[in-house]
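Residue 51 in numbering that gives the first Met the number 0 sits at position 52 of the sequence shown; the count goes up by one each step and never skips.
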Amino acid sequence: MLLRSAFVILLASTVCAPRTTWAQAPATAPAKKSAGQTIPPEKVRELPIVALPDTLADESFELEIKLPAGFSLNPNLESMRTVARQEFERQEVPKGANATPRTQLWSYASETGTGVVVWVNEILLTPIASPDAFATKFDNERQAQGMTVNRIGEPKFFKARDAHVGFTFEREVGVKRGGPLERRELWGYVRAGAREVFVFVSAPLQDFQARADEYLAMFATIQLRESASAPITVSASDVTTPKEAPGFASPFTIGALVLCAAVGFMLLKLMKAPAEAT
Numbered sequence: 000m001l002l003r004s005a006f007v008i009l010l011a012s013t014v015c016a017p018r019t020t021w022a023q024a025p026a027t028a029p030a031k032k033s034a035g036q037t038i039p040p041e042k043v044r045e046l047p048i049v050a051l052p053d054t055l056a057d058e059s060f061e062l063e064i065k066l067p068a069g070f071s072l073n074p075n076l077e078s079m080r081t082v083a084r085q086e087f088e089r090q091e092v093p094k095g096a097n098a099t100p101r102t103q104l105w106s107y108a109s110e111t112g113t114g115v116v117v118w119v120n121e122i123l124l125t126p127i128a129s130p131d132a133f134a135t136k137f138d139n140e141r142q143a144q145g146m147t148v149n150r151i152g153e154p155k156f157f158k159a160r161d162a163h164v165g166f167t168f169e170r171e172v173g174v175k176r177g178g179p180l181e182r183r184e185l186w187g188y189v190r191a192g193a194r195e196v197f198v199f200v201s202a203p204l205q206d207f208q209a210r211a212d213e214y215l216a217m218f219a220t221i222q223l224r225e226s227a228s229a230p231i232t233v234s235a236s237d238v239t240t241p242k243e244a245p246g247f248a249s250p251f252t253i254g255a256l257v258l259c260a261a262v263g264f265m266l267l268k269l270m271k272a273p274a275e276a277t
């Protein structure tokens with residue numbers, strides 16, 4: 000049994016090893032306060048309203064988000080947080096930032112192989128200009144890794160809590176370029192002053208189709224308060240004009256962490272099953 004445990008741990012660590020290094024983002028000036036503008040209705044995604052039973056809450060970041068049933072924290076969460084923290088610390092802090100750079104990551108997995116990652120930063124290291132720039136950057140990263148990417152619909156804005164505006168998009172991916180599409184990915188981003196939060200869902204196609212409303216409903220529950228130490232006002236006029244996104248931390252590592260969550264969780268379940276049978 001000890002040999003089997005060692006093999007499972009080794010396999011999980013191999014699957015979860017980071018494959019790329021995040022690019023540093025150039026220093027950016029704080030967003031300027033401007034008069035709000037109405038976002039065109041066709042660019043807004045109406046999220047389904049679904050009662051979600053579980054809550055992720057972190058008082059230190061003033062972050063809250065509801066989660067669907069059936070998800071457990073990844074057993075390898077602390078090692079994943081260490082990797083995320085190390086990558087975060089490699090980033091260049093914007094000049095003039097008067098908040099303390101902090102980051103935190105949560106990873107959840109279900110028995111169906113779906114992973115959910117929530118990643119929050121105290122310092123705005125990854126400013127995003129528009130939904131299109133958000134989605135294009137992530138697509139380029141996946142394609143550069145030789146993966147098949149099929150965008151589902153157009154990237155759009157969505158409304159989170161506390162009157163914040165976020166970006167979201169969906170796509171299907173295959174591990175090999177030209178190979179079959181195997182998973183549906185759902186991405187969301189909310190920015191609140193000097194804080195930002197990413198929410199990433201990666202699910203087998205069948206599971207996503209069965210629970211799509213639950214996964215989308217998570218975004219409407221995101222509550223992220225602006226950091227009191229670095230208040231930056233962001234209005235609709237700051238985010239509705241499509242333009243080239245600034246330097247951006249590579250998202251591939253986040254995707255690797257999600258797969259780590261799902262695979263590591265399933266491996267531990269497989270390891271536990273024979274022991275229970277005996």
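We put the beta carbon where it would ideally sit given N, CA and C, even for glycine.
In this text, all values refer to a predicted model and were calculated from it rather than measured experimentally.
Drop a sphere of 10 angstroms on the beta-carbon of residue 89, count the other beta-carbons inside from all chains shown, and report buried for 16 or more, exposed for fewer.
-> Taking the first residue of the sequence shown as position 1, residue 89 is located at position 90. With fewer than 16 other Cβ atoms within 10 Å, it is exposed.
Hey, how far is the Cα of residue 134 from the Cα of residue 146?
-> Here residue 134 corresponds to residue number 135 of the sequence shown, with the count starting at 1. Here residue 146 corresponds to residue number 147 of the sequence shown, with the count starting at 1. For residue 134 and residue 146, the distance between alpha carbons rounds to 15 Å.
Quick one: what's got a C-beta closer than 6 Å to residue 215's C-beta in the same chain, skipping five residues either side?
-> Along the sequence shown, read from residue 1 onward, the residue named residue 215 stands at position 216. Counting only Cβ-Cβ distances below 6 Å, and skipping sequence neighbours, we find 46 and 47.
Beta strand (DSSP E) runs contained entirely in the segment 114–140, provided each spans 3 or more residues | DSSP runs (the beta strand (DSSP E)) wholly in the segment 114–140: 114–120.
Quick one: what's residue 171 bridged to in DSSP?
-> On the sequence shown, position 172 is the one that residue 171 refers to. Note: residue 171 sits in a beta bridge opposite 149 and 183.
Count the other C-beta atoms from every protein chain shown that fall within 10 angstroms of the C-beta of residue 138, then say buried if there are 16 or more, exposed otherwise.
-> The residue you call residue 138 lines up with position 139 of the sequence shown. By the neighbour-count rule (16 or more Cβ atoms within 10 Å), residue 138 is buried.
For the candidate residues 172, 59, 142 and 197, whose alpha-carbon lies nearest to that of residue 159?
-> The count along the sequence shown starts at 1 and reaches residue 159 at position 160. When only C-alpha atoms are compared, the closest one is 197.
So what does DSSP say about residue 278, is it helix, strand or coil?
-> Because residue 278 is not part of the residues shown, which for the chain are 0 to 277, the question remains open.
Report the residue from 219, 170, 102 and 189 whose alpha carbon sits nearest the alpha carbon of residue 204.
-> In the sequence shown, residue 204 corresponds to position 205, counting from 1. Nearest of 219, 170, 102 and 189 to residue 204, Cα basis: 170.
Where residue 128 and residue 87 are concerned, what is the direct C-alpha to C-alpha distance, given to the nearest angstrom?
-> Locating residue 128 in the sequence shown gives position 129, where the first residue counts as 1. Locating residue 87 in the sequence shown gives position 88, where the first residue counts as 1. One C-alpha to the other measures close to 21 Å.
Own chain, CB closer than 8 Å to residue 43, minus 5 neighbours either side, in chain order | In the sequence shown, residue 43 corresponds to position 44, counting from 1. Hits under 8 Å: 155, 156, 157 and 158.
C-alpha gap between residue 341 and residue 111, whole angstroms = For residue 341 there is no data in the structure shown, the boundaries of the chain being 0 and 277.
Helix, strand or coil at residue 49 [DSSP, three-state] = As a first step, residue 49 must be located in the sequence shown, where it is residue number 50. In this structure, residue 49 counts as coil in the three-state DSSP scheme.
Candidates 140, 114, 222 and 80: which alpha carbon is nearest residue 192's?
-> Looking up residue 192 in the sequence shown gives position 193. Nearest of 140, 114, 222 and 80 to residue 192, Cα basis: 222.
Can you check whether the CB of residue 107 is closer than 8 Å to the CB of residue 115?
-> Here the question's residue 115 lines up with position 116 in the sequence shown. Here the question's residue 107 lines up with position 108 in the sequence shown. Contact annotation: residue 115 and residue 107 have beta-carbon atoms nearer than 8 Å.
Please name the residue in 82, 60, 113 and 77 whose C-alpha comes closest to that of residue 209.
-> By 1-based counting over the sequence shown, the position of residue 209 is 210. Ranking 82, 60, 113 and 77 by Cα distance to residue 209 puts 113 first.
Of the residues 161, 76 and 75, which one's Cα is nearest the Cα of residue 61?
-> Here residue 61 refers to the residue found at position 62 of the sequence shown. Checking every option, the nearest Cα to that of residue 61 belongs to 161.
Could you tell me the boundaries of the beta strand (DSSP E) in which residue 103 lies?
-> For the purposes of this step, residue 103 is identified with residue 104 of the sequence shown, where counting begins at 1. The continuous beta strand (DSSP E) containing residue 103 extends over residues 102–108.
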